[in-house]
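**Q** Heads up, the sequence shown is in our numbering, so the first residue is 42 and it goes up one at a time. Even for Gly, the Cβ is constructed at its ideal location relative to N, Cα and C. Computed from a predicted structure; not experimentally measured. Can you read through this structure? Questions will come right after.
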Amino acid sequence: MSLMVSVSGIRGIVGDSLTPIVLTTYAQAFATWLHRQRSGVGINLSIGVPKVVIGRDTRPTGKVILEYVQAVLVQAGCNVVNLGMATTPTVEVAVIEERADGGIIVSASHNPLEWNALKLLNGLGEFLTAAQGEELKAIVASGDFISAEWNKFGMAIPNDGYNDIHLRKVLSLPVIDVKKIAARRYKMLVDAVNGAGSEIIPTLCEALGAAELVRISCNGSGIFPRPPEPIEENLVETQGLTAYHGADIGIVVDPDVDRVCFICEDGTLFGEEYTLVACADFYLKHRKGAVVNNLSSSLALREVARKHGVECRSAKVGEAHVIEAMKAVQASIGGEGNGGVILPDVHYGRDALVGIALFLQAFADFQEKNPDKKLSDFKRTFPEFHIAKQKLTLPENANVGDAFSQLIAQHPTATPITIDGLKLEFQDSWVHLRKSNTEPIVRVYAEARTKTDAEALAHKFSAALQRMV
């Protein structure tokens with residue numbers, strides 16, 4: 042299995058493609074890049090040494106890898122703030138609060154348990170930009186790494202206080218009325234898939250006034266009881282438990298807590314695509330501004346933006362691309378259709394805590410005017426679209442570019458967008474085909490007004506691509 046290398050870092054199967062040599066190489070290269078950002082050349086104690094915030098999710102391999110990476114950074118002359126087990130957005134917040142030079146998150150997010158990763162942050166607490174990623178790749182290729190002399194090693198400082206800091210930043214948002222949410226006395230069910238959200242998500246729900254809290258897979262063991270990605274096919278049991286326990290709302294996060302989806306009181310999914318839609322619709326009532334999503338996100342957000350009289354811009358898939366577009370248009374809110382919400386007023390990063398707080402506030406506001414209505418009723422207030430998602434495993438040497446050109450030629454009435462794979466836009470529907478940056482697959486997403494039409498569209502283009510390559 043080959044190592045997956047992207048702008049955001051590296052990921053692979055531990056002991057196969059993600060080896061001690063690979064970890065050392067990239068940690069040393071990152072430390073070298075940080076030193077050069079400060080001095081332009083190498084270690085220069087007169088201007089201080091880089092500070093790096095590190096944290097991990099709950100995967101069984103995470104603790105060892107985190108300690109290993111810490112040792113490499115210290116020996117490369119960096120000071121390290123070690124959060125231990127922490128969510129991805131918590132590490133991002135800590136980079137900002139610490140005024141650190143960068144950060145490393147040990148987490149493979151929703152990949153299977155045998156995977157792990159190093160996700161790299163710059164001094165803004167954001168994933169590296171494309172240009173920064175190229176600089177890092179050049180250092181890796183050169184092998185010209187900084188190694189500190191014995192008396193110039195950095196220091197490692199543990200800090201487990203950032204959960205509280207992160208929670209306070211979210212709860213102190215001016216649009217969040219904790220008393221109003223608490224007044225609804227919601228019974229909430231939380232499924233943290235035994236990941237990094239096992240403690241902080243229930244704590245957030247309690248802080249937001251949950252009258253009763255049902256914890257599902259919140260032991261922090263890192264042993265996933267189901268495939269960890271919070272998508273429809275993986276949530277059947279959690280949906281049933283939400284209805285069984287009589288919860289008003291089910292809340293599901295991924296292992297590193299940058300994605301969240303919700304389950305209605307009757308066990309139906311609110312829909313991961315509608316996390317951002319609902320949050321944006323609420324937030325735009327309080328702060329007007331453009332919204333940004335990625336090319337694989339629902340048309341429902343475009344309709345919400347139109348309702349509020351603001352621009353909706355779509356970026357390439359990937360958090361760094363969405364953030365770049367958000368900054369370009371000074372967006373009020375943005376994110377990705379996989380349940381990732383980005384609110385610049387907290388930080389530029391997908392954050393499930395932000396998503397949960399905004400969503401509960403939006404629901405509480407809805408129920409204040411409609412006290413007898415449930416979450417499933419709230420869902421029906423939004424434009425109805427359905428997304429179908431398929432994955433194709435293709436040969437590594439498959440020429441999908443030629444196939445995309447053929448598909449464009451075969452559909453002259455569609456509007457083609459080629460900045461990120463191929464997206465063909467039709468009236469009230471679209472299909473998006475792109476190679477994944479994190480898995481050796483091609484993703485095929487399609488959206489239409491009905492589930493049947495979306496599935497048919499996805500199947501049609503999946504089959505066509507399979508034939509062409």
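Are three or more beta carbon pairs between the region 64-77 and the region 105-123 nearer than 8 Å?
**A** Under the three-pair Cβ rule at 8 Å, the region 64-77 counts as touching the region 105-123.
**Q** Between which two residues does the alpha helix (DSSP H) holding N440 run?
**A** Careful: N440 lies outside any alpha helix (DSSP H) and carries neither H nor E.
**Q** Answer yes if the region 131-149 comes into contact with the region 197-217, meaning at least three C-beta pairs across the two stretches below 8 Å, and no otherwise.
**A** yes
**Q** Taking the straight line between their C-alpha atoms, what separation do you get for R343 and F419?
**A** Taking C-alpha positions only, R343 is separated from F419 by approximately 18 Å.
**Q** Any idea if P101 is buried or exposed, counting beta-carbon neighbours within 10 angstroms, 16 or more meaning buried?
**A** Result: exposed.
**Q** Quick check on the burial criterion: 16 or more other C-beta atoms within 10 angstroms. Buried or exposed for G464?
**A** Looking at the sequence shown, residue 464 is not Gly but Lys. Buried is the label assigned to K464, since at least 16 other Cβ atoms lie within 10 Å of its Cβ.
**Q** Suppose the cutoff is 7 Å on Cβ atoms and the five residues either side in sequence are ignored; what does the same chain contact list for A197 look like?
**A** For A197, where only same-chain residues beyond five positions count, the Cβ hits under 7 Å are Q111, V115, V121 and N123.
**Q** Within 10 Å of its beta-carbon, does N204 have 16 or more other beta-carbons around it, so buried, or fewer, so exposed?
**A** buried
**Q** Can you look up C302 in the DSSP assignment and give me helix, strand or coil?
**A** strand
**Q** In or out: R52 buried (at least 16 other Cβ within 10 Å) or exposed?
**A** buried
**Q** Relative to the C-alpha of G308, which residue among C246, R328, E139 and E278 is closest?
**A** By alpha-carbon distance to G308, the top candidate from C246, R328, E139 and E278 is E278.
**Q** Please identify the residue among F323, A398 and V370 whose C-alpha is closest to the C-alpha of T244.
**A** A398
**Q** Answer with buried or exposed for W471, where buried requires no fewer than 16 other C-beta atoms within 10 angstroms of its C-beta.
**A** buried
**Q** What beta strand (DSSP E) runs, 3 residues minimum, are completely inside the region 295-358?
**A** 301-304, 332-335 and 353-356
**Q** If you reduce the DSSP assignment to three classes, tell me which class I51 lands in.
**A** strand
**Q** Find the nearest neighbour of H427 within the set T456, L59, G462 and S337, judged by alpha-carbon distance.
**A** S337
**Q** Are V301 and G350 touching if we call contact CB-CB under 7 Å?
**A** Between V301 and G350, the C-beta gap is not smaller than 7 Å, which leaves the two residues out of contact.
**Q** Once DSSP output is grouped into helix, strand and coil, what is the label at G89?
**A** coil
**Q** Beta-carbon within less than 6 Å of I217's beta-carbon, same chain only, minus the 5 sequence neighbours each way: which residues are those?
**A** Contacts found: A398 and Q402.
**Q** Relative to the C-alpha of A248, which residue among I272, K220 and G375 is closest?
**A** K220
**Q** Which two residues bound the contiguous alpha helix (DSSP H) that contains H207?
**A** Y203 to L212
**Q** Closest to G236 by C-alpha separation, out of A361, G396, K410 and G96, would be which residue?
**A** G96
**Q** Between which residues of its own chain and F407 is the CB-CB distance below 6 Å, once the five residues before and five after are set aside?
**A** F419
**Q** S150 and D57: beta carbons closer than 7 Å?
**A** no
**Q** Between P91, G89 and A127, which has its C-alpha nearest K104's C-alpha?
**A** A127
**Q** Output needed for S477: all residues of its chain with C-beta closer than 6 Å, excluding positions within five of it in sequence on either side, in chain order.
**A** If we look at S477 and ignore the five residues flanking it on each side, its Cβ neighbours are R484.
**Q** Quick check on the DSSP output: what are the complete alpha helix (DSSP H) runs of length 4 or more inside the region 400-425, in order along the chain?
**A** 416-420
**Q** Determine the contact status of Q447 and M367, defining contact as a CB-CB distance below 7 Å.
**A** At a Cβ-Cβ threshold of 7 Å, Q447 and M367 do not count as neighbours.
**Q** Taking three-plus beta-carbon pairs below 8 Å as touching, is the region 259-273 in contact with the region 319-326?
**A** No, the region 259-273 is not in contact with the region 319-326.
**Q** Drop a sphere of 10 angstroms on the beta-carbon of R226, count the other beta-carbons inside from all chains shown, and report buried for 16 or more, exposed for fewer.
**A** Around the CB of R226, fewer than 16 other CB atoms lie within 10 Å, so the residue is classed as exposed.
**Q** Rounded to the nearest angstrom, how far is the Cβ of V382 from that of G396, given a contact under 8 Å?
**A** About 4 Å separates the Cβ atoms of V382 and G396, confirming a contact at the 8 Å cut-off.
**Q** Use the C-beta contact count for Q69: other C-beta atoms within 10 angstroms, 16 or more gives buried, fewer gives exposed.
**A** buried
**Q** Based on Cα-Cα distance, which residue from T454, V55, A223 and A251 lies nearest to E409?
**A** A223
**Q** State yes or no: is the beta carbon of G53 nearer than 7 Å to at least one beta carbon in chain E?
**A** Going by chain labels, chain E is absent from the structure shown, which holds only one protein chain.
**Q** Using 10 angstroms around the beta-carbon of Q280, count the other beta-carbons present and answer buried if the total reaches 16, otherwise exposed.
**A** Answer is buried; the Cβ neighbour count reaches 16.
**Q** What are the uninterrupted segments assigned as alpha helix (DSSP H) that are 4 or more residues long and contained completely in the region 69-152, given in chain order?
**A** 103-116 and 129-138
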